[in-house]
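Encoded as structure tokens, the structure appears first; notes follow it.
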Amino acid sequence: MTETEAGGRAGVLFPPERVETARRATEDAAFDALLVTPGADLRYLTGYQALPLERLTCLVVPARAEPFLVVPELERPAAQASPAGRLGIEIVGFAETEDAYELVARRLPPGTRRFAVDNHMWAEKLLAFQDALPGAQPGLAGDVLSVLRMRKSAAEVAALRRAGAAIDRVHDAMGEWLRPGRTEREVARDIADAIVAAGHDHADFVIVGSGPNSASPHHEVSDRVIEPGDPVVVDIGGTTAEGYCSDSTRTYAVGEPPAAFLELYRVLLRAQTAQTEAVRPGVTAEELDAVGRDIITAAGHGEHFIHRTGHGIGLETHEEPYIVAGSKRPLEPGMAFSVEPGIYLPGTFGARIEDIAVCTETGGERLNLTGRDLVVLPG
Ligand code: ZN
Ligand code: ZN
């Protein structure tokens, strides 16, 4: 789907006013300029998916002057052809022997004292900016930009919905690959191919945790051979060509699992269902976390739910808002995040169920619609 097609239904994915919105936010945060190098922030603001390489590419947004995009001269055609070329902002090329950092410093308004850099700017680039702007104080732009990125537009929610449907297709076909006698690594390789075939540009991660490995939340894969009766946690995600990410976990059993596992899974399913149903504007991140944690704790597994409930998702798999105890951030319409409680019995087995949810005006919408009852595959 092209941007225009998506735009017809829900607005443009990368609307042109974001640079101006970021400029105002930069000024409000008392920065004199915002410097954004390739990554999710640059793509969010301009639609330009530039490769992060050694040469400088940087969107420069002075708080009180016109923005411009600095690119290596050899990448100017690519920048011009990207959505950034239609923003009406000046694209400034620099030659191979020119100092791009000096160029930025020269063009910044005099009196630039504080500048904000995107949180993922390479250290070598930040140090070069500090050299080029002696006396100016750098700060992180994360707080300025995450506030903008956290509330998704209708077009972004539509893009996340497409990503969610794509990863659902992979879970729905899990029985094709997940079988006893195969190693986690073999299964994961097939799943990675399926993630692309289902409509992603690339797979971001594939976790296949079988048997005791299911009790390790960030276990990736190993050469362990899957055995009959194993619970298997499969946590997978990819990025679509539009730039938006999917992330969904289902826990499977290959053959009949132990009765204690079935009991654990029932508790988890109740917690995760209650949490997805509790999503609505005004509920705080920590309240949503507690909805699931209280159920799991009451069942005697509080100490086995060892991570937060979820993370925001959009152009990155992990971004604000984090659904975690201690966060008094109220949910707002447009916020998209994972709801992924888990229960892990070290050395024995564990389970996790993960859906992406979006806060709407009146409640929540789940973007992953694969069934949540335990799927028992042939053992
Ligand atoms: Zn996940
Ligand atoms: Zn996740």
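Under this note's numbering, read the sequence shown as residues 5 to 383, first letter to last.
All C-beta atoms, glycine included, are put in the ideal place defined by N, C-alpha and C.
Endpoints, the beta strand (DSSP E) within which residue i is located
{"i": "Asp234", "result": "Asp234 to Thr243"}
{"i": "Leu49", "result": "Not the beta strand (DSSP E): Leu49 falls in the alpha helix (DSSP H), residues Ala44 to Thr50."}
{"i": "His206", "result": "His206 to Ser214"}
{"i": "Leu38", "result": "Ala37 to Val40"}
{"i": "Gly368", "result": "Gly368 to Arg370"}
{"i": "Val380", "result": "Val379 to Leu381"}
Which listed residue (the options) has its alpha carbon closest to that of residue i
{"i": "Leu378", "options": "Glu246, Pro184, Pro262 and Leu39", "result": "Pro262"}
{"i": "Ala104", "options": "Phe209, Gln134 and Arg28", "result": "Gln134"}
{"i": "His124", "options": "Ser150, Arg68 and Glu100", "result": "Ser150"}
{"i": "Leu381", "options": "Ser250, Gly259, Ile211 and Ala278", "result": "Gly259"}
{"i": "Val236", "options": "Thr352, Ala201 and Ala136", "result": "Thr352"}
{"i": "Gly92", "options": "Ile171, Thr50 and Val148", "result": "Thr50"}
{"i": "Gly97", "options": "Glu79, Arg111, His315 and Arg173", "result": "Glu79"}
{"i": "Ala29", "options": "Arg254, Gly146 and Leu182", "result": "Gly146"}
{"i": "Ile171", "options": "Asp36, Val238 and Leu292", "result": "Val238"}
{"i": "Arg254", "options": "Glu58, Glu94, Asp359 and Arg370", "result": "Asp359"}
{"i": "Glu320", "options": "Leu73, Ala140 and Ala44", "result": "Ala44"}
{"i": "Gln279", "options": "Ala201, Arg370, Pro19 and Ala83", "result": "Arg370"}
{"i": "Glu365", "options": "Arg284, Tyr248 and Leu373", "result": "Arg284"}
{"i": "Val40", "options": "Ala34, Ser157, Ala33 and Tyr52", "result": "Tyr52"}
Simplified DSSP assignment, three categories, for residue i
{"i": "Gly306", "result": "helix"}
{"i": "Ala201", "result": "helix"}
{"i": "Ala10", "result": "Below a pLDDT of 50, predicted positions are generally treated as unreliable, and Ala10, at 40, falls in that range; no measurement from the model is reported."}
{"i": "Val191", "result": "helix"}
{"i": "Arg432", "result": "One cannot answer for residue 432 here, as it falls past the ends of the chain, which runs 5 to 383."}
{"i": "Met5", "result": "Reliability of the predicted coordinates at Met5 is poor, the pLDDT of 40 falling under 50, and the value obtained from them is presented with this limitation in mind. Three-state DSSP puts Met5 in coil, outside helix and strand."}
{"i": "Gly179", "result": "helix"}
{"i": "Arg356", "result": "strand"}
{"i": "Val148", "result": "helix"}
{"i": "Leu373", "result": "coil"}
{"i": "Arg186", "result": "coil"}
{"i": "Arg59", "result": "coil"}
{"i": "Val16", "result": "coil"}
{"i": "Leu349", "result": "strand"}
{"i": "Arg165", "result": "helix"}
{"i": "Arg228", "result": "coil"}
{"i": "Tyr248", "result": "coil"}
Residue i: CB within 7 Å of a non-hydrogen atom of ligand 2
{"i": "His315", "result": "yes"}
{"i": "Ser342", "result": "yes"}
{"i": "Asp194", "result": "no"}
{"i": "Asp205", "result": "no"}
{"i": "Glu260", "result": "no"}
{"i": "Glu358", "result": "yes"}
{"i": "Asp172", "result": "no"}
{"i": "Asp251", "result": "yes"}
Host alpha helix (DSSP H) of residue i (start-end)
{"i": "Asp32", "result": "Arg22 to Asp32"}
{"i": "Thr255", "result": "That residue, Thr255, is in no alpha helix (DSSP H); its beta strand (DSSP E) goes Ser252 to Val258."}
{"i": "Asp359", "result": "Premise fails: Asp359 lies in the beta strand (DSSP E), Asp359 to Cys363, not in any alpha helix (DSSP H)."}
{"i": "Glu344", "result": "Where Glu344 is concerned, there is no enclosing alpha helix (DSSP H), given that its DSSP letter is neither H nor E."}
beta-carbon residue i near ligand 3 non-hydrogen atom, thresh 7 Å
{"i": "Asp135", "result": "For the structure depicted, ligand 3 is absent and the ligand set comprises only ligand 1 and ligand 2."}
Ligand 1 heavy atom lying under 7 Å from the CB of residue i
{"i": "Asp293", "result": "no"}
{"i": "Gly241", "result": "yes"}
Jot down the residue ranges of each uninterrupted alpha helix (DSSP H) in the stretch 64-145, minimum 4 residues, whole runs only, in chain order. Runs of the alpha helix (DSSP H) inside the stretch 64-145: 80-85, 104-111 and 127-136.
Whole alpha helix (DSSP H) runs in the stretch 265-333 with 4 or more residues, listed along the chain? Fully enclosed alpha helix (DSSP H) runs of 4 or longer: 289-302.
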